[in-house]
Each structure stands twice: as C-alpha cells, then as structure tokens.
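Heads up, the thing below is written out as structure tokens.
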Amino acid sequence: MKKLKEKLELFFKEFEDEIKNLDSLEKLKDIEIKYSGKKSQLHSFLKLIGDFKTAEEKKEAGFLINRTKSEIEERLKVLKENFEKKEIEKRLKEQSIDFTKPVFSQNDGSLHPITFIKRDVERILTGMGFSLVTGPEMETEYYNFEALNIPPTHPARDMQDTFFLLNGMILRTHTSSCQSRTLEKYNPPLRIFAPGKCFRYESIDASHETAFYQVEGLVVDQNITIANLIGTMKTLLSEIFHREDIDVRLRPGYFPFVEPGFELDIKCIICNGKGCSTCKHSGWLELVPCGMVHPNVLKYGGIDPEKYNGFAFGLGLTRLAMMRYKINDIRFLNSGDLRFLKQFR
Amino acid sequence: MKISLRWLNDFVKVDDISPKELSQLLTMKTAETEGIYSKKDYYSNIYTCEIVEAVKIDEKHFKCKVKSDKIYELISGAPNTRKGLKTFHIKPGGKLDGETISTKSFSGEISEGMLLSGKELGINNDHSGLFQLPEETRVGLEIGEFTDFYDDIIEIDNKSLTHRPDLWGIFGFSREVKAILGRQNKTPKIFEKNEIQNLPEFPIEIIDREKCYRYVGVKIDNIKVEQSPLNIQIRLSNTGHVPRNIIVDLTNYVMTEIGQPLHAFDGESIKKIVVDSAKDDFIFTTLDKVERKLPKGILLIKNENTPVAIAGIMGGGNSDIKDNSKSLFLESANFDASHIRKMSTRIALRTDSSARFEKSLDPENSLIGCLRYVQLLKENQKEIKMASCITDKNYNPFKKNVIYTDYTYIKKTIGIDIEDEKIKNILKSLEFEVEDEKDKIKITAPTYRSTKDISIKEDIVEEVVRIYGFDNVKPALPKLQIKAPLRNVENEKDNIIKDLLTYRYNLNEVDSHPWFDDKFNKKVGYKTGDEIEIKNPITIDNKFLRSSLLPILLKFSFENLKYFDEFSLYEIGKTFHKDTEIKKLGIISVDRKTKNQEEKSFFKMKLIINDIFERLTGKEPEYRTPTEHQLINPSISSDIYFSQDEKNFEFIGYIGIIHPKINSLLDKKVVISFCEIEIERLYRFEKNILFKQFSTFPQTSLDFSILKNKKEIFKDFENKLKEFKNDLIKDFKIYDIYTGENIPEGFESVTVRYTIGSDQKTLTGEEIEEFQKLFISFIKDKGYTLRN
Numbered sequence: 001m002k003k004l005k006e007k008l009e010l011f012f013k014e015f016e017d018e019i020k021n022l023d024s025l026e027k028l029k030d031i032e033i034k035y036s037g038k039k040s041q042l043h044s045f046l047k048l049i050g051d052f053k054t055a056e057e058k059k060e061a062g063f064l065i066n067r068t069k070s071e072i073e074e075r076l077k078v079l080k081e082n083f084e085k086k087e088i089e090k091r092l093k094e095q096s097i098d099f100t101k102p103v104f105s106q107n108d109g110s111l112h113p114i115t116f117i118k119r120d121v122e123r124i125l126t127g128m129g130f131s132l133v134t135g136p137e138m139e140t141e142y143y144n145f146e147a148l149n150i151p152p153t154h155p156a157r158d159m160q161d162t163f164f165l166l167n168g169m170i171l172r173t174h175t176s177s178c179q180s181r182t183l184e185k186y187n188p189p190l191r192i193f194a195p196g197k198c199f200r201y202e203s204i205d206a207s208h209e210t211a212f213y214q215v216e217g218l219v220v221d222q223n224i225t226i227a228n229l230i231g232t233m234k235t236l237l238s239e240i241f242h243r244e245d246i247d248v249r250l251r252p253g254y255f256p257f258v259e260p261g262f263e264l265d266i267k268c269i270i271c272n273g274k275g276c277s278t279c280k281h282s283g284w285l286e287l288v289p290c291g292m293v294h295p296n297v298l299k300y301g302g303i304d305p306e307k308y309n310g311f312a313f314g315l316g317l318t319r320l321a322m323m324r325y326k327i328n329d330i331r332f333l334n335s336g337d338l339r340f341l342k343q344f345r
Numbered sequence: 001m002k003i004s005l006r007w008l009n010d011f012v013k014v015d016d017i018s019p020k021e022l023s024q025l026l027t028m029k030t031a032e033t034e035g036i037y038s039k040k041d042y043y044s045n046i047y048t049c050e051i052v053e054a055v056k057i058d059e060k061h062f063k064c065k066v067k068s069d070k071i072y073e074l075i076s077g078a079p080n081t082r083k084g085l086k087t088f089h090i091k092p093g094g095k096l097d098g099e100t101i102s103t104k105s106f107s108g109e110i111s112e113g114m115l116l117s118g119k120e121l122g123i124n125n126d127h128s129g130l131f132q133l134p135e136e137t138r139v140g141l142e143i144g145e146f147t148d149f150y151d152d153i154i155e156i157d158n159k160s161l162t163h164r165p166d167l168w169g170i171f172g173f174s175r176e177v178k179a180i181l182g183r184q185n186k187t188p189k190i191f192e193k194n195e196i197q198n199l200p201e202f203p204i205e206i207i208d209r210e211k212c213y214r215y216v217g218v219k220i221d222n223i224k225v226e227q228s229p230l231n232i233q234i235r236l237s238n239t240g241h242v243p244r245n246i247i248v249d250l251t252n253y254v255m256t257e258i259g260q261p262l263h264a265f266d267g268e269s270i271k272k273i274v275v276d277s278a279k280d281d282f283i284f285t286t287l288d289k290v291e292r293k294l295p296k297g298i299l300l301i302k303n304e305n306t307p308v309a310i311a312g313i314m315g316g317g318n319s320d321i322k323d324n325s326k327s328l329f330l331e332s333a334n335f336d337a338s339h340i341r342k343m344s345t346r347i348a349l350r351t352d353s354s355a356r357f358e359k360s361l362d363p364e365n366s367l368i369g370c371l372r373y374v375q376l377l378k379e380n381q382k383e384i385k386m387a388s389c390i391t392d393k394n395y396n397p398f399k400k401n402v403i404y405t406d407y408t409y410i411k412k413t414i415g416i417d418i419e420d421e422k423i424k425n426i427l428k429s430l431e432f433e434v435e436d437e438k439d440k441i442k443i444t445a446p447t448y449r450s451t452k453d454i455s456i457k458e459d460i461v462e463e464v465v466r467i468y469g470f471d472n473v474k475p476a477l478p479k480l481q482i483k484a485p486l487r488n489v490e491n492e493k494d495n496i497i498k499d500l501l502t503y504r505y506n507l508n509e510v511d512s513h514p515w516f517d518d519k520f521n522k523k524v525g526y527k528t529g530d531e532i533e534i535k536n537p538i539t540i541d542n543k544f545l546r547s548s549l550l551p552i553l554l555k556f557s558f559e560n561l562k563y564f565d566e567f568s569l570y571e572i573g574k575t576f577h578k579d580t581e582i583k584k585l586g587i588i589s590v591d592r593k594t595k596n597q598e599e600k601s602f603f604k605m606k607l608i609i610n611d612i613f614e615r616l617t618g619k620e621p622e623y624r625t626p627t628e629h630q631l632i633n634p635s636i637s638s639d640i641y642f643s644q645d646e647k648n649f650e651f652i653g654y655i656g657i658i659h660p661k662i663n664s665l666l667d668k669k670v671v672i673s674f675c676e677i678e679i680e681r682l683y684r685f686e687k688n689i690l691f692k693q694f695s696t697f698p699q700t701s702l703d704f705s706i707l708k709n710k711k712e713i714f715k716d717f718e719n720k721l722k723e724f725k726n727d728l729i730k731d732f733k734i735y736d737i738y739t740g741e742n743i744p745e746g747f748e749s750v751t752v753r754y755t756i757g758s759d760q761k762t763l764t765g766e767e768i769e770e771f772q773k774l775f776i777s778f779i780k781d782k783g784y785t786l787r788n
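So the sequences go chain by chain: W and Y.
In terms of this note's numbering, the first sequence has 324 at position 324, counting the first letter as 1, and numbering is strictly consecutive.
In terms of this note's numbering, the second sequence has 543 at position 543, counting the first letter as 1, and numbering is strictly consecutive.
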C-alpha cells in the first residue's frame with residue numbers, strides 16, 4: 001500500500017512538473033493523453049488493485065488511484081479553460097476596426113415639409129378626438145362662399161381673391177369649404193378637421209403664394225362656449241409648438257362664417273413676448289382666425305342653431321411649416337427644387 | 001384707415017394716454033391696428049418766418065435773409081422767393097422727413113437751414129415754390145405750436161373694418177374709445193338746418209329707389225375756391241389726402257371725420273338732380289379725365305338728362321368744381337352697398353367713396369354729412385350765401401334693429417359669470433338701448449350699427465365679450481363624448497404610398513401648382529385639349545388647370561438636371577377634368593444613360609408600381625398595350641389595367657420612357673421614365689391578409705432554367721408555365737432572367753423556382769425525381785429546352 005502511495009505521489013509530481021512549463025493547448029492535449037487517457041500509466045495502476053488481498057485494501061487502493069485521477073482531471077480542466085480564455089483574448093487583441101470609415105447611404109428619399117407638418121397636426125388633432133375629412137380643391141361657390149354665409153355681393157369676397165373657372169366653379173380659397181359638406185353628412189356632436197390645399201389670386205413673393213395649405217377645425221355640440229374655444233386652442237397650439245402651456249390672446253376679427261369672430265395670437269415663440277422682428281415687435285404672432293360658428297352656417301348644413309352651437313378655426317399649415325423649419329421663402333415649397341426638398345428626410 | 005389722434009381728441013379725450021396704449025386697446029377690442037406713425041419722429045424745428053431780404057445771385061438762386069426767432073442767411077432756389085413772403089423755415093439741426101438738415105455751403109455762400117415747399121413739409125404735392133403763409137402770420141412760431149402738424153396717426157387694417165360701416169370715420173372711433181375707456185364723447189358741430197328752412201328746395205328726384213336710399217343736397221352761392229386753412233390741410237395730409245382747395249378739401253374732411261362721402265358739384269352746372277340707372281352702356285369721362293365705359297344698370301347722378309357722376313363712385317369731368325366756380329351744389333347721399341360694390345368691381349374703379357358705400361353706410365349720416373359740411377364752410381367763408389334749403393329725399397329702408405335675448409344666453413355662450421348690470425352697462429356704453437322684459441332683454445341697436453353689423457343675438461355676445469375683455473375669459477376645455485375619430489382611408493393610403501416611395505425607393509416628394517405652364521408645354525411640344533380654363537389666371541401662361549402631372553414633373557426634372565444627374569420625384573396631387581378632379585400619383589425618374597438603360601429604367605418603375613398595387617390591394621396590375629401619349633416613347637411603354645375580381649379590368653394609368661424627342665432639349669445624356677396612376681381608384685380596395693397554414697414537413701426548392709425566345713411575350717410564356725399543375729407545388733416564382741454568355745443569340749434563360757412539399761410527410765427522393773421528370777417532359781412538350 002505504501003508503495004502504491006509512493007508511486008502515485010511520484011506520478012502526480014511528474015505530472016505537476018510537466019504542466020509547470022506548459023505553453024500551448026496542443027501540448028496540453030499530449031499531457032492529457034499521457035496522464036489521464038486510457039493508455040496512461042494511471043490506467044496501469046488500476047491493474048495493481050488485484051494484487052491487494054483484502055476487500056478493505058482493495059477499496060483503499062481504488063480510492064487512492066481515483067483521487068489522483070480526479071485531481072489530475074481537475075487540474076487539466078482548469079488549465080484548458082485558461083488556455084482557451086487566453087486564446088480568445090489574444091484573438092481580440094489582434095482584431096480591430098476603424099469605425100470612423102464612412103458608409104455610403106442611398107437613402108436620400110424625402111417627404112415634402114408640408115407632409116411632415118400635416119402628419120404632426122393630424123396626430124395631435126386625432127388624439128384630441130377630431131376626425132379627418134377632405135373636400136375637393138375645385139369647389140362650388142356654394143360651399144366656398146354661400147354656405148359659409150358669404151353671399152355673392154358680400155365685401156368679404158374681396159378678402160379672398162378667388163380663381164374663377166370657366167366651368168362655373170372656383171378653386172377653393174380656404175378649407176372652410178369643408179364645413180358645410182361635413183355638417184350635411186354627419187350629425188352633431190362632431191369634431192372634425194380638414195387639411196388641404198387652397199388657392200388665392202395674389203401676387204407671389206417670398207411670403208405670398210397662390211397655392212398653400214390650411215387645416216380647418218370644427219366642433220359642433222350643445223353648450224359650446226368661447227372659453228371652450230380658447231381652451232381647445234391652447235391645448236392644440238401647446239402641442240404643436242412643444243410648449244407646456246402656450247400663451248394665447250383673442251382679438252376681434254371678422255369672418256362672415258363665425259359670430260363672434262376672433263383673431264387668435266400666440267405669444268411670440270422666438271422672443272417669448274419681448275418683441276422681435278418676427279412678431280414685428282408686438283410680442284405676439286397672429287396665427288389662428290377662429291370664432292363661434294355662425295348660426296346661418298349651421299342652418300345651411302341642416303343643423304338647428306337653437307339646439308347646437310360650436311366653434312371653428314383655421315390653421316395655416318404652410319405657415320407652420322415655414323415657422324418650424326425656418327424656411328425664408330414660401331416659393332421653395334412649390335418649386336420642386338431638390339436642393340430644398342432633400343433637406344426634409 | 002388713418003386715425004389722427006389730434007382729430008380724435010376733438011370728440012373724446014385721448015391726449016392723456018400714449019398712442020401705443022390706445023393702439024393696443026383698439027387692437028384688442030375693436031379692430032386691428034397696423035402701426036403708429038408719429039410725425040415728430042420725422043420732423044422738427046420748423047418755424048414760421050418772413051423773407052426780409054432776397055437778392056438774386058444767379059439764374060435760379062436767391063441769397064436771402066429770413067427772420068424767425070432771429071435772422072438766418074440762406075440760399076433759396078424757389079421761383080416764388082421774394083421779400084415779404086411768409087413761409088416755413090427749418091433750422092439747421094431740424095429733421096425733414098427723417099433727414100437732418102444742416103448748415104450747408106452753396107458755392108461759398110453759407111445756407112442756414114432751408115425754406116420749405118408744401119411737398120417738403122408733407123402737406124401737399126406742391127413743389128413749384130415755397131409754401132405761402134397768410135400775411136397776418138406771426139413769425140418765429142414752431143409749426144407744432146399752432147397746428148396739429150406733429151400728430152400721431154394710428155393706421156387701422158381696413159380688412160378688419162369690413163363689417164363696421166360706422167368705423168370709416170374718426171368720429172366713429174371716438175364712440176369705441178368712449179366705450180372702451182368709459183369716457184364721454186362730443187359730436188361734431190353741425191349747421192342748424194332750420195335757419196334756412198324757408199329757402200326753396202333744390203330739385204332732386206330719385207327714380208331708382210332700390211339703389212339710392214337717400215339724397216340730401218344743398219346749393220350754396222358766393223363761394224371762393226381758395227386754399228384751405230393751414231390746419232385743415234395738415235389734418236387732411238396727415239390722414240392721407242392731398243389738399244386742393246377748401247371746397248373739395250371739406251368734402252374729404254367730412255368723409256374722414258364721420259365717414260360720409262360727399263361730392264361738390266359746380267353749382268352753375270346743376271339745374272336738377274335726377275338719380276337713375278343707366279338704360280344702356282355708354283362712355284363717361286370722370287373727373288380724373290379718364291373715359292370709362294359704363295354698363296347698363298349702373299346708378300347715375302344726372303343733371304336733368306345728362307349724367308354728371310357715377311353714383312357713390314366718382315364725379316364727372318363735366319360738373320366738378322373749377323378754380324373759378326362761384327357756386328356749389330353739395331351731394332350727401334346713400335346708396336345700395338352691393339350695387340356700389342358690384343359696379344366698382346365691374347368698372348375697376350375703387351375710390352374712398354365706393355370703399356365706404358359698399359360697407360352699408362347709415363343713411364342717417366347723409367343729413368349729418370351735409371350739415372357738417374355747411375357748418376365748416378360757413379366757419380371759413382362767412383360770406384357764402386345759401387341758395388336752397390337743405391333738401392332731403394329720404395327712402396331709408398333701414399330700421400333700428402331690435403334683438404331679444406337674455407343674460408343667461410350671453411354668459412353661457414361666453415363661458416363667464418358676471419352681473420347682469422355689467423352686461424347692460426357695456427351695451428349702453430356702445431349706445432345700445434337695453435330694456436328688461438320679463439325674462440328677456442330687448443336690445444335696440446343704434447342706426448349706425450343697424451345696416452348690417454348687428455342683427456342677431458350672437459352679435460350681442462361679441463359686443464359684450466370684446467368690451468368685457470377676452471383676457472377675462474378663463475379657458476376651459478369642452479366636455480365632449482369619448483368617440484373614436486372616423487377613419488379616413490384616402491389619407492391613410494396617401495401616407496402608405498408616400499412612406500413606401502420615400503423610404504423604400506428613395507424618391508423625393510414634390511408639390512406643385514394646379515395649373516399648366518403653357519410656356520413649358522410648348523417647349524416640350526405637349527398639346528392641351530379641353531382643359532378647364534381659369535377666368536383670371538395669374539399669368540397668361542397659367543390659364544389651364546392641369547389634366548396630367550407629367551408636364552410639371554418633367555419641368556421640375558429639367559430644372560433639377562442643372563444640379564443633379566440622377567433622381568426621382570413624385571407627387572400625389574389633383575388633376576382637373578371637366579367638372580371633376582382626380583387624385584393621381586405621378587412618378588418621374590431620371591437615370592444616367594448607360595447600355596440598355598431604357599429597359600432598366602422601365603422595369604425599375606414597374607417594380608415600384610407593382611409594389612404599390614401589392615401593398616394597397618394585394619394584387620399586381622396588368623400591363624397590356626403600349627401607351628399612346630404624346631410625350632411617351634410608344635415602344636417602351638405600357639397601359640396599366642387593374643381588376644380586383646380578375647374579370648373586369650379598368651384602365652388606371654400608364655408607364656413609359658419619355659419620348660426621345662425630348663432628350664434633344666437636354667444637355668445631359670439621360671433616360672427619363674414616368675408613370676401616372678389614378679391612385680384614388682385603388683383606395684376603395686382593401687388588402688385582406690389571411691393566415692395560411694404552412695406545412696411542418698421540409699420542403700424542397702427546385703430551379704429550372706428554360707431557354708425562351710426573346711420575341712415571345714413573357715406573359716404568354718408565363719401563362720404556358722402555369723398550365724403545369726401538380727399537387728406538390730407549394731410556390732412558384734420566376735427567379736431570374738439572364739442573357740449573355742452561353743445563351744444562344746435571340747434567346748434568354750428564364751430560371752423558375754418551384755417549392756414542393758407535402759402537408760403529410762417528408763418527400764422521398766423518388767417523389768422529387770418524379771416531379772422533375774414530369775416538369776421536364778411538360779417543358780419539352782411545350783417546345784422549350786432546358787439550359788442544363
């Protein structure tokens with residue numbers, strides 16, 4: 001037994017000496033074969049168990065051999081893991097990338113700036129429960145004027161210089177033309193908005209275009225108040241301009257399809273009301289013509305003004321786009337110029 | 001409109017508040033102000049003076065000594081320079097229309113300040129000589145000490161007065177200021193008509209009483225056509241008028257003051273006034289010496305049978321006040337607003353007078369206007385002689401409007417809770433009569449608000465809320481039902497296409513005008529047919545509404561080719577046809593010309609179109625016949641048809657390469673492809689996605705390359721392939737089309753891929769081989785050969 005112990009100790013020492021100077025995974029494999037494989041010396045020790053007489057001795061000899069075996073296996077396992085780890089570390093050290101090298105993108109498609117603004121306003125208004133409706137660009141005088149309480153000889157027709165067509169129709173001067181179309185179609189209570197292109201006969205310059213975009217908003221219900229109009233506008237405009245609580249003010253304004261009619265100003269978003277060139281030093285920006293729906297407009301739409309009332313407002317989408325993107329010349333919008341368009345990706 | 005604050009102060013005290021503050025108040029409560037012009041910012045140091053010595057030093061110039069607070073020496077070039085003349089002198093350092101006047105030297109002679117003409121003072125247009133002051137003028141007085149020269153002018157945006165006929169004169173604004181500030185106001189002093197009630201009437205006959213509601217006239221003799229007193233001239237010039245002579249100036253003065261247009265005829269020319277509509281078209285020369293063609297039906301002022309004025313618009317050259325007129329006939333009338341508006345638009349003549357009449361002036365003002373004129377003339381020319389009584393033909397159809405409402409309604413509509421008394425006081429300050437009647441209130445509007453402005457209870461709400469102050473209304477969100485917004489398919493699908501084209505195919509969205517550009521169309525040889533014509537186009541080249549998106553997209557491409565070689569644009573926009581409009585999608589793509597580029601560009605476009613159809617409807621369209629289009633290459637093009645039920649195919653658009661004749665107009669060698677689709681017709685279809693159970697057993701892909709004669713229409717080839725039926729087929733795709741090496745001349749190799757499998761088991765090698773055999777023999781039967 002003592003002899004076996006000595007043999008095993010010697011064997012283990014030999015193993016320890018050999019792994020001391022080990023420097024590669026390949027050599028480790030050789031050692032594995034030599035010390036723990038089926039052809040190793042350790043294996044031959046097992047034959048010696050038969051030389052012992054008693055069961056107890058046999059048992060002890062087996063235990064001694066197995067202990068050495070598992071110790072060797074454990075040491076080999078740790079060594080192997082260390083080698084593999086070192087191997088990966090080595091590989092990682094050798095690898096590198098110049099992440100500042102350029103990539104070549106083909107993605108230069110763009111949306112028109114009006115599309116961006118329209119989607120934004122759409123998102124906000126639908127979130128507030130408004131439904132999107134549309135109407136034709138080539139409109140009848142009835143929907144563009146009469147149904148909005150603007151009879152043929154009304155001076156307000158001068159306010160909106162109109163393109164008249166030889167087929168007796170006109171190009172709509174505002175998206176308010178969607179008001180009566182909607183009122184005829186849906187019953188109150190209703191909340192709608194109508195974005196779209198409008199046309200005015202006027203000379204074109206950096207801030208005037210013959211074709212531009214508006215969104216008309218309309219709320220009809222029972223017991224709607226001027227205070228409701230102001231509250232709704234504040235909510236809408238705070239969202240549009242990303243302000244917590246935008247300051248608005250109302251002034252008298254005249255539009256035949258509302259009574260009373262207002263001009264709604266917002267506190268200048270550039271100077272915060274201190275006065276700058278954008279707000280012509282007034283501290284306020286005229287932004288939303290609005291008012292309480294004129295009872296005649298409700299009547300034209302087949303709604304009883306004694307039972308229902310409401311408010312309407314108009315937002316210039318083109319103006320909003322110019323404000324948001326700081327576009328200094330309205331003519332770019334209809335120019336088809338890619339130097340302009342490609343900036344809106 | 002220009003509001004003189006000095007003038008306004010005649011009627012209501014405003015000299016204790018700053019013009020800025022007043023302007024702000026008017027903006028917030030009455031009408032939008034556009035700006036304030038303070039004359040003292042531009043002029044200073046202007047004194048009355050007398051020329052005490054004038055020596056001619058050359059052809060044109062005088063060396064003068066002028067006396068104001070002391071003696072100044074200066075050079076004057078004015079022809080009317082003479083010793084003893086009293087005029088205005090601006091001292092060195094003074095400001096004249098914003099420019100500082102300094103001591104100058106004229107060929108060695110010192111000139112201290114300068115003597116001024118009417119034009120230099122900004123009082124009138126006279127630059128022929130120095131402004132002449134009356135003999136009795138004291139010298140050394142600053143102009144601001146005895147006149148309203150340094151006035152502050154608030155400019156009102158006329159558009160915000162469209163509905164307020166009462167605010168077309170300064171006095172009207174005094175009423176507003178009275179209500180806003182809670183002050184008292186005075187009315188303009190008028191002539192007491194009873195003083196001359198015994199004089200005979202002037203013959204006035206209104207025949208067309210539908211268009212003329214009232215006509216007040218008076219004849220005055222022994223008048224002098226002379227310069228107006230300095231301050232009248234200054235007030236007129238400060239409010240935007242050019243002073244001429246007192247007889248004409250006072251008509252403008254009264255109009256500016258109370259908003260009533262007047263016309264002064266030469267008294268000798270008028271025997272009897274007849275107001276009637278023209279029976280026929282005729283030519284008439286107005287007092288601005290322009291011959292105008294007047295239409296039948298236009299309301300005229302006639303002297304017996306001869307037209308002497310276009311009613312409410314402009315007087316005639318045959319009857320106006322001349323320098324030597326000794327007598328005048330004054331007209332102060334009221335006309336139907338819509339007639340005046342229609343006619344002034346029709347004959348393209350807008351005047352201060354027509355701008356007011358078309359707003360529905362208060363006929364009560366006709367009498368006041370006449371009396372105010374007589375008062376002012378009398379104050380300035382004591383010696384005038386009234387030659388008739390104030391003759392008043394009155395057919396005024398307007399009554400004071402009465403509105404019944406209640407306080408609760410007013411408060412509920414605004415969304416405020418205030419005392420009834422406060423509402424009543426606001427209305428009273430605006431000169432409404434308010435009477436409580438049981439649970440209602442009866443509100444009577446003043447005459448000057450009854451012609452159109454105030455007629456319904458909503459108007460009363462406006463009056464109350466604006467004077468009460470919008471700032472005092474607390475914002476509150478409406479209580480509304482929770483309701484999902486209605487779906488808008490058109491908008492949803494527009495957005496799907498836009499995102500697809502922009503983010504997948506890298507196209508650029510454009511937006512454009514709704515009309516054709518005829519100049520460009522001519523250039524590219526695009527002929528238009530029966531497009532809708534615009535009556536009043538912005539330019540003669542833009543008179544037709546577009547019926548196609550092609551020309552504008554082509555034009556944009558031409559312009560962008562200056563800066564880019566390759567690009568694609570698209571627009572979803574309306575085109576116009578007879579009495580309908582159609583929403584179309586137009587895509588244009590410009591590619592550098594390389595080998596086979598036409599074909600490549602065509603199929604690149606086809607790929608995009610198929611993708612759009614696939615996404616919107618789940619189906620591909622059919623490309624049937626070459627398209628016939630003046631700007632499209634007939635050989636490389638196709639009409640596009642679509643059917644949802646695979647039976648009824650409808651034409652829905654076309655695709656093609658732009659006609660080669662266009663390329664000669666371009667410097668760069670490019671291929672332009674285009675497609676136009678009536679996109680909105682696809683919107684009514686829905687793409688239905690239904691899950692199909694897939695086989696859980698492995699499937700096998702088999703590729704076959706078939707040689708196909710290039711001349712054979714692919715669709716026919718494909719249809720033949722589709723005749724091959726087998727239960728194992730799970731999917732079939734045209735995988736690749738190849739020409740080139742190893743392919744016989746005139747042929748192309750078409751690779752098709754069959755995916756085969758079974759839902760019950762894994763296919764055996766024999767089954768797969770069997771399938772291959774069946775297909776190969778099928779292909780051979782159809783007369784094709786396999787490549788390998």
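We put the CB at the ideal spot given by N, CA and C, even for glycine.
None of the values given here were measured: they were computed from a predicted structure.
- Lys29 of chain Y and Ile467 of chain Y have their C-alpha atoms spaced approximately 6 angstroms apart.
- The C-beta of Ser512 of chain Y comes closer than 8 angstroms to at least one C-beta of chain W.
- Just measuring C-alpha positions, the residue of W:Ser282, W:Pro113, W:Phe262 and W:Thr318 sitting nearest Ala211 of chain W is W:Thr318.
- Nearest CB-CB separation between Tyr503 of chain Y and chain W: below the 8 angstroms threshold.
- When C-beta atoms of the region 19-33 of chain Y are compared with those of the region 88-108 of chain Y, fewer than three pairs fall below 8 angstroms, so the two segments do not count as touching.
- Shown in chain order are the members of the region 311-331 of chain W whose Cβ falls below 9 angstroms from a Cβ of chain Y: Phe311.
- Looking at Y:Lys399, Y:Ser557, Y:Asn222 and Y:Glu531, the one whose alpha-carbon comes closest to that of Pro446 of chain Y is Y:Lys399.
- Contact between Thr251 of chain Y and Leu262 of chain Y holds, since their C-beta atoms are separated by about 4 angstroms, short of 8 angstroms.
- A straight-line Cα-Cα distance of about 10 angstroms links Arg504 of chain Y and Asp611 of chain Y.
- For Thr306 of chain Y, the enclosing beta strand (DSSP E) starts and ends at Thr306 to Ile310.
- Under DSSP, Tyr215 of chain Y shares a beta bridge with Y:Ala333 and Y:Lys393.
- Taking 7 angstroms as the upper bound on Cβ-Cβ separation, chain W lies near residues Ser338 and Arg341 of the region 326-341 of chain Y.
- Between Phe163 of chain W and chain Y, the shortest Cβ-Cβ separation is below 8 angstroms.
- Contact annotation: Gly267 of chain Y and Ser327 of chain Y have beta-carbon atoms nearer than 8 angstroms.
- Under DSSP, Tyr72 of chain Y shares a beta bridge with Y:Val66.
- Annotation for His263 of chain Y: no alpha helix (DSSP H) segment contains it, though the beta strand (DSSP E) segment containing it runs His263 to Asp266.
- The beta carbon of Pro19 of chain Y sits closer than 7 angstroms to the beta carbons of Leu5, Ile36, Ser38, Asp152 and Ile154 from its chain, once the five residues preceding and following it are set aside; these are given in chain order.
- In this structure, the CA atom of Ser344 of chain Y is about 7 angstroms from the CA atom of Ser354 of chain Y.
- If you check each beta-carbon in the region 442-470 of chain Y against every beta-carbon of chain W, the ones closer than 7 angstroms belong to Ile456, Glu458, Asp459, Val461, Glu462, Val465, Arg466 and Phe470.
- Bridge pairing for Phe193 of chain W: W:Leu132 and W:Gly217 [DSSP].
- Bounds of the alpha helix (DSSP H) holding Tyr468 of chain Y are Lys457 to Tyr468.
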